[in-house]
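Position 38, counted from 1, in the sequence shown is what this note's numbering calls 38; the numbers after and before it change by one each time, with no gaps.
We put the beta carbon where it would ideally sit given N, CA and C, even for glycine.
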Amino acid sequence: MKKIKDKGASLFLTVLIMAAILAIAMGISRLSLGEIKISREFPQSFIAYYAAEAGIERGLYTDLIITTPPGTYAQSISDYLSEGISYEVSFSGTSPSRKITAEGIYKGTSRAIELTY
């Protein structure tokens, strides 16, 4: 014979388990949406990285090949490559520890590379 106190306990337990399953499912879906966003931005990230790499090459060329009076250095360079792809290069330090930082930008995504020589 069932006691009156136990009445509805199985319904409460079922609702509690369903709430826990729902919370877990929502957490997994939130993680999945974050991963989908990252995977959508990967092509932009890739292009921005190579724009930054082009900026490093341009910075090295400017710093090492283009002759300037001794003791003078370029401060910054920026260039627009094509279709929203651009880079910005900044220089700091003096020989022998010169630092070049390039930031590639494409569709709101930016990637930076730093070179010390």
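| Asked | Found |
| --- | --- |
| Could you name the residues of the same chain whose beta carbon sits closer than 8 Å to that of Leu81, not counting the 5 residues immediately before and after it, in chain order? | Ala51, Ala54 and Tyr87 |
| Quick check on DSSP: helix, strand or coil for Thr14? | helix |
| Rounded to whole angstroms, what is the Cα-Cα separation between Ala25 and Ile36? | 16 Å |
| Return yes when the Cβ of Ile113 is within less than 7 Å of the Cβ of Ile56, no when it is not. | yes |
| Count the other C-beta atoms from every protein chain shown that fall within 10 angstroms of the C-beta of Ile66, then say buried if there are 16 or more, exposed otherwise. | exposed |
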